[in-house]
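Visitor: Chains as they are written, first to last, in the UniProt record's numbering: chain A, 1 to 661; chain B, 1 to 661.
We treat Cβ as the ideally placed atom computed from N, Cα and C, and that holds for glycine.
There are 2 protein chains.
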Amino acid sequence: MTNSEKSNQMANAIRFLSADAVEKANSGHPGLPMGAADIATVLFTRFLKFDPKAPHWPDRDRFVLSAGHGSMLLYSLLYLTGYEDMTIDQIENFRQLGSRTAGHPEYGHAAGIETTTGPLGQGLANSVGMALSERIMNAHFGDDLVDHHTYVIVGDGCLMEGISQEAIALAGHLRLNKLIVFWDHNNISIDGPVSLADNTDQCARVEASGWNSISVDGHDQDAIAAAIEKAKKSDKPTFIACKTTIGFGAPTKAGTNKVHGSPLGAEELAGARKALGWTSEPFVVPADILDEWRAAGQRSNEEHKAWEERLAEADPNIRSEWNRRLSGDLPDNFEATISAYKKKLSEDKPKVATRKASEMVLEVINGVIPETIGGSADLTGSNNTKTSQTTNITPEDYGQRYVHYGIREHGMAAAMNGIALHGGLIPYSGTFLTFSDYARGAMRLSSLMGIRVVYVMTHDSIGLGEDGPTHQPVEHLAALRAIPNNMVFRPADVVETAECWELALKSRKTPSTIALTRQNLPTVRTEHVEENRCAYGAYELAAASGKAEVTIFATGSEVEIALAARLQLEQDGHPTRVVSVPCFELFEQTSDEYKRVLLGDAPVKVAVEAAIRMGWDRFIGTDGIFVGMTGFGASGPIEALYEHFGITANHIVAAAEAKLK
Amino acid sequence: MTNSEKSNQMANAIRFLSADAVEKANSGHPGLPMGAADIATVLFTRFLKFDPKAPHWPDRDRFVLSAGHGSMLLYSLLYLTGYEDMTIDQIENFRQLGSRTAGHPEYGHAAGIETTTGPLGQGLANSVGMALSERIMNAHFGDDLVDHHTYVIVGDGCLMEGISQEAIALAGHLRLNKLIVFWDHNNISIDGPVSLADNTDQCARVEASGWNSISVDGHDQDAIAAAIEKAKKSDKPTFIACKTTIGFGAPTKAGTNKVHGSPLGAEELAGARKALGWTSEPFVVPADILDEWRAAGQRSNEEHKAWEERLAEADPNIRSEWNRRLSGDLPDNFEATISAYKKKLSEDKPKVATRKASEMVLEVINGVIPETIGGSADLTGSNNTKTSQTTNITPEDYGQRYVHYGIREHGMAAAMNGIALHGGLIPYSGTFLTFSDYARGAMRLSSLMGIRVVYVMTHDSIGLGEDGPTHQPVEHLAALRAIPNNMVFRPADVVETAECWELALKSRKTPSTIALTRQNLPTVRTEHVEENRCAYGAYELAAASGKAEVTIFATGSEVEIALAARLQLEQDGHPTRVVSVPCFELFEQTSDEYKRVLLGDAPVKVAVEAAIRMGWDRFIGTDGIFVGMTGFGASGPIEALYEHFGITANHIVAAAEAKLK
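#1: Check the Cβ-Cβ distances between histidine 644 of chain B and every residue of chain A, and say whether any is below 8 Å.
#2: In angstroms with no decimal places, state the Cα-to-Cα distance between glycine 255 of chain A and isoleucine 246 of chain A.
#3: In the structure shown, what three-state DSSP assignment does tyrosine 79 of chain A receive?
#4: What ranges does the alpha helix (DSSP H) occupy inside the region 225-262 of chain B, keeping only unbroken runs of at least 4 residues that lie completely in it?
#5: Distance, Cα to Cα, glutamate 166 of chain B vs asparagine 650 of chain A?
#6: Less than 8 Å separating the beta-carbons of histidine 459 of chain A and serine 557 of chain A?
#7: For tyrosine 151 of chain B, name the three-state secondary structure that DSSP assigns.
#8: Drop a sphere of 10 angstroms on the beta-carbon of histidine 140 of chain B, count the other beta-carbons inside from all chains shown, and report buried for 16 or more, exposed for fewer.
#9: Does any residue of chain B bring its CB to less than 8 Å from the CB of threonine 81 of chain A?
#10: With burial defined as no fewer than 16 other Cβ atoms inside 10 Å of the residue's Cβ, what is the status of glutamate 229 of chain B: buried or exposed?
#11: Can alanine 296 of chain B and threonine 590 of chain B be called in contact, C-beta distance under 8 Å?
#12: Give me the chain A residues within the contact set of alanine 640 of chain B, using Cβ-Cβ distance strictly less than 8 Å, ordered along the chain.
#13: Using beta carbons (cut-off 8 Å, strictly below), is arginine 444 of chain B in contact with chain A?
#14: Can you name the residues of chain B whose CB is closer than 7 Å to the CB of glycine 628 of chain A?
#15: Among the candidates A/Ala542, A/Ala548, A/Glu549, A/Val581, whose CA atom is the shortest distance from the CA of alanine 564 of chain A?
#16: So with CB distances below 9 Å, who are the chain A contacts of phenylalanine 587 of chain B?
#17: With respect to the alpha helix (DSSP H) encompassing glutamate 289 of chain A, which residues constitute its N-terminal and C-terminal limits?
#18: Give the DSSP bridge partners of methionine 487 of chain A, in chain order.
#19: Tell me whether glutamine 571 of chain B is buried or exposed, calling it buried when 16 or more other Cβ atoms sit within 10 Å of its Cβ.
#20: Ends of the alpha helix (DSSP H) at histidine 404 of chain B?
#21: Is the region 95-110 of chain A touching the region 68-78 of chain A, taking contact as three or more C-beta pairs under 8 Å?
#22: Would the region 479-497 of chain B and the region 508-518 of chain B be scored as touching if the rule is three or more Cβ pairs under 8 Å?
#23: Distance check for glutamate 466 of chain B and tryptophan 322 of chain B, CA to CA, integer angstroms please.
#24: Could you name the residues of the same chain whose beta carbon sits closer than 8 Å to that of residue 664 of chain A, not counting the 5 residues immediately before and after it, in chain order?
#25: If you pair each beta-carbon of the region 389-399 of chain A with each one of the region 98-107 of chain A, do three or more pairs fall below 8 Å?
#26: Work out the CA separation of alanine 13 of chain A and leucine 445 of chain B for me, nearest whole Å.
#27: Spatial neighbours of glutamate 609 of chain A within its chain, please: C-beta separation below 6 Å, excluding the five flanking residues on both sides.
#28: Who are the Cβ neighbours of arginine 325 of chain B in its own chain at under 6 Å, not counting the five residues just before and after it?
#29: If I follow the unbroken beta strand (DSSP E) through methionine 457 of chain A, where does it start and stop?
#30: Using a Cβ cut-off of 8 Å (strictly closer), state whether valine 474 of chain A contacts chain B.
#31: Check the DSSP bridge columns for isoleucine 625 of chain B and list the partner residues they point to.
#32: Any idea which residues DSSP pairs glycine 192 of chain A with across the strands?
#33: Buried or exposed for histidine 401 of chain B, please, with buried defined as at least 16 other CB atoms from any protein chain shown within 10 angstroms of its CB.
#34: With a threshold of 8 Å on Cβ separation, who are the neighbours of arginine 577 of chain A within its own chain once the five nearest residues in sequence on each side are excluded?
#35: With a 10 Å radius around its C-beta and 16 neighbouring C-beta atoms as the bar for buried, classify glutamate 347 of chain A as buried or exposed.
#36: Cβ closer than 8 Å: which chain A residues qualify as neighbours of glycine 441 of chain B?
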């Protein structure tokens, strides 16, 4: 080992800020920050391109701490390099309510936190999306504006999670050579040695998916630096296996699971101070060491300045497009384009599946929004996510707009999070709604981070027919609606599909799931209105002929059935309204008065959705009639299934009339 | 290629039964059955130990079609080898409502379907649980009773799903050398060539996790046989990469994605008949070929008979224990043991976290039920799933009862499904409740299959404190309750924990999730009753002092808060009941009268749960008061969080009294 005294002490600054913060909070994970401090010191003092005074500089290198439990590593780095909102006070308030220094890094809490991590493997998969975005944006805007690396620290846990395989395979396939992953190879997980549960040769594993691997002593800073130099020259993504000691410096607990997720304790912490020659009080970094760190935080100043100059000198049209895309604003003509298309749809009244409607709308959207990046988890022809503008992104041509994510729903969702976080691009991609289960870990993080990711989820009910119960979602609408800050749309026809897409794209701080049918549906919105009616979440689609005796609430494919039931009920002398409910979440955001009027006071309220009842009591009350599913579906032709499960106009009419009697 | 004419025709019988069934259904996947027919023919005619007349023979080899979309391969095999409930009529009714031949293989629909597959990767991970069970049962009962192999067919999709990595790594770690996986390596996925999304060297990948790999021509039956012979001699799990042509025999579509998931069409099907020399009408297998297949179905008769003789000759105690365990019955003393322990708990009144209570109860359960197999996804000390009886299962000693599943929630859940399906063992294992998101794909299948798997999900709310919103479940209780046939328990104290565990273990056809706290809770069930009160799903824990003005419904850690609020309300002159609601699903199974009385008619109804409202309207109505979460949690000490989010007795009292005014 050839680390200089200074570089050792710089790493020790991370170690003791981290261990002291955990100690004070009496909660947290000192092991990783102490073990990975040398890696982080090398990266942040010699390689990372970043500007703590301008943390959102678009061409900065991205740093992702996928092993998010080691959050104090990141917070220490942000403090040491001079991010203004990461004060020593924040460090001292680690894990306290209202601090920026949450138990795990939370995107939006402080500048320099590029993504929320903690659920293992997510950060690695985010980073694939970030590194891909860099290549796409580079292809769109050139080396002058986009030329940066994505660095990631993963732990053993990240690599055991299945999502890591999806991420590794996708990155290798896309040959993302500016992605550099450090494996904090400390052989320890919570239960004990990793060998309790794993014997995988991780280097061989990543090489099998087209990566480089380099193995180094994770406490030898020059060796780490040499590995990074080598990685930067590679034409493949690089995996640097850094052999480390978890809790490096702790006299009796280092190298054991005792230092993973608990404070060291006063005695052990004092012992670590002695072992590493760290004489400062808690939360004090010696001035010379802090100066060195702050200087490291200024390393990229010139580079940043030169970049700003290049942007200023760029073609004004390119600059303006760059600024718009990085701001997240949609093109000025977006709303008018959607409105015009809605008008055409109202007139044409096509009878198509909403997945097809989505494709038609996407054809329009992709024509006016050049930053959408489409994709599918190997269901392109079923999800209808590909349009004339979206050609496959390949290692030979990153300047395109379609990703074949492979049969990797979880990795896809997390990569989309990375794309959205990177900036400049809007990701959307598809799978079957039932496989939202596979992607849920990442979908939750889209919601928690509040980022614009659009999930296109087709085959949204028993209406998919013969594939049977494994493929038929019944609980998924409820389960997705349950996630806070997640907009779940279920449009009823082409016009609603256009409106839902408009809302999804305009929702800058909320991911969206658009649930779409396999089966054809008639156009029910046959009169054009400028207003986006889906923006209310629920709205009256068909009024009653008199004072309403029945209100039928429905979504998606069941709106057609509700309308048929209404006709029959009206014929039978029962004035009936139909309310379309494309988005529960948006309905909750309307005024109390709007809600009151919309819910109405018809004596009979019916909800129809080819899914479970959960959530519908909000509309129909606990004594309302629900027509839908009570359990899993079955394999059979669609007509047989709707009849079998009683999701029919006749059933609605009979139930409503029985109650009216 | 050296296949005999006969063996070719035997494989062709699979091909045409499959293609003809898909053609008639006008829906389905002919590509895999046609491509993998040679593999299946070799396996079923030369190796598989099975008895179609006794399909549940416990020592049969297990065959799992992980690539479940190729279901006609399996149905054809079951018909050809003479499973009685798989008639030609069933084959002709492929994908029709009510048939045994659903779009994807559904466990329970027909004998010989060992597990439900379709969601990709699940079957592979199930098979790891099955192969592990074989080793465990072998260690418990010896070679005379347990000595079989687990064979699996996986497709490219299975291998791209992250769950496959979790399964592969776990199987390699556990050195499950009787697990033999055939990779139907046809280079085609739905979107087109696999190279659109993947370049992984799958053989190198599995070798990195301690497997053998063997590559063969998947249409050369002798080569496949030689590979199986070799695999059976190995001390590692074996991966046989079988290079196949998807839709083998289809003149223009073979080898392309056109044959993956659509009927061939009349012309192509006729062409395939011509190309392969198959002259029979649809659904007709030439008598000589059918005879050969039926003979293959009898191959293991002698072996089965010998096995039955060994069982008959076994020590009566061993035989009786074997029969009990295979029947799924619990030991006779189980109920009495739990009841006695409940009595002790009511008297001792420990104040412990319910995760600790679960450990205490498990200590009792594992003492009387020798077939439980515990585990955790690397959170053993947090999930409290290990007891004095459960030592680690290792390749050196399979006769133990604890699995370190690694940080692999999805693979763990699917492996548990495999253990439950294998028979003779009852799997339970833990992770944090929030990471049920990672396991959900497999948890849904536990429910759909209706099998006894127990998910121990600790850290079940903001009560976990500092780890913050990534680790704090808020929507997970609702999302899990949404899954049909899934019992979600949230016990309030040690006694309820014992009752919930009893119910989980007695539920033979329903998986259970037990949500448990990190924080300590007082014993609220301080008076012993024999009856399992949690069996009602919801019950009155504390009666009102008079005609109830307020009913408070609560679960888990919030029952304590509800009881405190009740005391205050009673003091303020408002008779108040508290209803504990440990399991929504069981409440729904009670009589209408029980429900009516339990819900009661108090003018104010309050529900308290440190989670979202979804599902609670069922108890409190849409105008009821809900005290819980409306969004994500936060990082901070538990006391600060409960106060911050207003989940306090004071808040309940204030809200109830405001409404009473």
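Guide: So, to answer that:
#1: In the second sequence, the residue the question calls residue 644 of chain B occupies position 644. Closer than 8 Å to the CB of histidine 644 of chain B there is at least one CB belonging to chain A.
#2: Residue mapping note: residue 255 of chain A aligns to position 255 of the first sequence, counting from 1. Residue mapping note: residue 246 of chain A aligns to position 246 of the first sequence, counting from 1. One C-alpha to the other measures close to 5 Å.
#3: For the purposes of this step, residue 79 of chain A is identified with residue 79 of the first sequence, where counting begins at 1. Looking at tyrosine 79 of chain A - three-state DSSP - the assignment turns out to be helix.
#4: DSSP runs (the alpha helix (DSSP H)) wholly in the region 225-262 of chain B: none.
#5: Indexing the second sequence from 1 puts residue 166 of chain B at position 166. Indexing the first sequence from 1 puts residue 650 of chain A at position 650. Roughly 48 Å separates the two Cα atoms.
#6: Taking the first sequence and counting its residues from 1, the one referred to as residue 459 of chain A is at position 459. Taking the first sequence and counting its residues from 1, the one referred to as residue 557 of chain A is at position 557. Not in contact: histidine 459 of chain A and serine 557 of chain A (Cβ atoms no closer than 8 Å).
#7: Working through the second sequence from its first residue, we reach residue 151 of chain B at position 151. When DSSP states are grouped into helix, strand and coil, tyrosine 151 of chain B belongs to the strand group.
#8: Position 140 of the second sequence, counted from the first residue, corresponds to residue 140 of chain B. When all chains shown are included, histidine 140 of chain B counts as buried.
#9: As a position in the first sequence, residue 81 of chain A is number 81, starting the count at 1. Answer no: the Cβ-Cβ gap between threonine 81 of chain A and chain B never drops below 8 Å.
#10: Position 229 of the second sequence, counted from the start, is the residue given in the question as residue 229 of chain B. Here glutamate 229 of chain B is exposed, its C-beta having fewer than 16 other C-beta atoms within 10 Å.
#11: In the second sequence, the residue the question calls residue 296 of chain B occupies position 296. In the second sequence, the residue the question calls residue 590 of chain B occupies position 590. If you check the CB distance, alanine 296 of chain B and threonine 590 of chain B do not come in under 8 Å.
#12: As a working note, residue 640 of chain B is residue 640 in the second sequence. Taking a Cβ-Cβ threshold of 8 Å, the residues of chain A close to alanine 640 of chain B are Gln96, Leu97, in chain order.
#13: Here residue 444 of chain B refers to the residue found at position 444 when the second sequence is read from its first residue. Cβ-Cβ to chain A under 8 Å: yes for arginine 444 of chain B.
#14: Position 628 of the first sequence, counted from the start, is the residue given in the question as residue 628 of chain A. Chain-ordered listing is empty here: chain B has no CB closer than 7 Å to the CB of glycine 628 of chain A, the nearest sitting near 12 Å.
#15: Indexing the first sequence from 1 puts residue 564 of chain A at position 564. Minimum Cα distance to alanine 564 of chain A is reached at A/Ala542.
#16: Numbered from 1 along the second sequence, position 587 holds the residue referred to as residue 587 of chain B. Ordered by position in chain A, no residue passes the 9 Å Cβ test against phenylalanine 587 of chain B, which lies about 13 Å from the chain.
#17: For this step, residue 289 of chain A is matched to residue 289 along the first sequence. It is worth fixing the name first, because residue 289 of chain A is isoleucine in this sequence and not glutamate. Note, isoleucine 289 of chain A: alpha helix (DSSP H), 287-297.
#18: Locating residue 487 of chain A in the first sequence gives position 487, where the first residue counts as 1. Beta-bridge pairing links methionine 487 of chain A to A/Ser512.
#19: In the second sequence, the residue the question calls residue 571 of chain B occupies position 571. By the neighbour-count rule (16 or more Cβ atoms within 10 Å), glutamine 571 of chain B is not buried but exposed.
#20: Position 404 of the second sequence holds residue 404 of chain B. Where histidine 404 of chain B is concerned, there is no enclosing alpha helix (DSSP H), although the beta strand (DSSP E) it sits in stretches over 402-404.
#21: In the pairwise beta carbon analysis, the region 95-110 of chain A is classified as touching the region 68-78 of chain A: at least three pairs are separated by under 8 Å.
#22: Yes, the region 479-497 of chain B touches the region 508-518 of chain B.
#23: The count along the second sequence starts at 1 and reaches residue 322 of chain B at position 322. The count along the second sequence starts at 1 and reaches residue 466 of chain B at position 466. Using only the alpha carbons, I get a separation of about 47 Å.
#24: Here chain A comprises residues numbered 1 to 661, so residue 664 of chain A is not present and cannot be evaluated.
#25: No contact exists between the region 389-399 of chain A and the region 98-107 of chain A.
#26: Locating residue 445 of chain B in the second sequence gives position 445, where the first residue counts as 1. Locating residue 13 of chain A in the first sequence gives position 13, where the first residue counts as 1. Approximately 49 Å between the Cα atoms of the pair.
#27: For the purposes of this step, residue 609 of chain A is taken as the residue at position 609 of the first sequence. If we look at glutamate 609 of chain A and ignore the five residues flanking it on each side, its Cβ neighbours are Thr555, Glu558, Gly628.
#28: Indexing the second sequence from 1 puts residue 325 of chain B at position 325. Glu371, Gly424, listed in sequence order.
#29: In the first sequence, residue 457 of chain A corresponds to position 457, counting from 1. Per DSSP, the continuous beta strand (DSSP E) segment holding methionine 457 of chain A begins and ends at 454-458.
#30: Mapped onto the first sequence, residue 474 of chain A falls at position 474. Answer yes: the Cβ-Cβ gap between valine 474 of chain A and chain B drops below 8 Å somewhere.
#31: Here residue 625 of chain B is taken as the residue at index 625 of the second sequence, counted from 1. According to DSSP, which records beta bridges pairwise, isoleucine 625 of chain B is partnered with B/Val606.
#32: Taking the first residue of the first sequence as position 1, residue 192 of chain A is located at position 192. DSSP lists A/Ser189 as partners of glycine 192 of chain A.
#33: Here residue 401 of chain B is taken as the residue at index 401 of the second sequence, counted from 1. Rather than histidine, the amino acid found at residue 401 of chain B in this sequence is arginine. A residue is called buried when at least 16 other Cβ atoms come within 10 angstroms of its Cβ; arginine 401 of chain B meets this threshold and is buried.
#34: Taking the first residue of the first sequence as position 1, residue 577 of chain A is located at position 577. Cβ neighbours of arginine 577 of chain A beyond the five flanking positions: Glu540, Ala542, Ala543, Ala544, Ala548, Val550, Thr551, Ile552, Arg566, Gly600, Ala602.
#35: Your numbering for residue 347 of chain A matches position 347 in the first sequence. By the Cβ neighbour-count rule, glutamate 347 of chain A is exposed, with fewer than 16 other Cβ atoms within 10 Å of its own.
#36: Here residue 441 of chain B is taken as the residue at index 441 of the second sequence, counted from 1. Ordered by position in chain A, the residues that pass the 8 Å Cβ test against glycine 441 of chain B are Phe435, Asp437, Tyr438.
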